[in-house]
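> Please see the structure below; I have some questions.
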Amino acid sequence: MKLEYKMQGVCAEKIDIDVSDGIVRRVEFKSGCDGNLQGISKLIEGMKVEDVIEKLKGIKCGRKSTSCPDQLSKALQNMLK
């Protein structure tokens, strides 16, 4: 399953996500903090969707109420619905 998720409240614009059999296969962020987001993408590839959501949900960026990792968890939650 592929999903394109438009980010809200963060620097990155969107995330392209590929999931198969409940496993994150590929994540690509468009714009944002390139090195950090590439690192997050590589760390979660091969993980179960539920585990990624659990680890990233609720992370904030400075004074913002959300972050790129939190937005990724929201995208994955939407994918599970």
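The sequence shown maps to residues 1 to 81 in full-length UniProt numbering. Note that the Cβ used here is the ideal one computed from N, Cα and C, for glycine as well. Every value quoted in this text rests on a predicted model; they were computed, and no experiment measured them.
(1) With H, G and I counted as helix, E and B as strand and the rest as coil, what does DSSP make of residue 87?
(2) Do Ser-31 and Ile-53 have their CB atoms nearer than 8 Å?
(3) Decide if Leu-37 is buried, meaning its Cβ has at least 16 other Cβ atoms within 10 Å, or exposed.
(4) Does Asp-51 come out as helix, strand or coil in the three-state DSSP assignment?
(5) With DSSP collapsed to three states, give me the class of Asp-16.
In short:
(1) Since the first and last residues shown for the chain are 1 and 81, residue 87 lies out of range.
(2) Between Ser-31 and Ile-53, the C-beta spacing is not below 8 Å.
(3) Result: buried.
(4) The answer is helix: DSSP assigns Asp-51 an H, G or I state.
(5) Secondary structure of Asp-16 (DSSP, three-state): strand.
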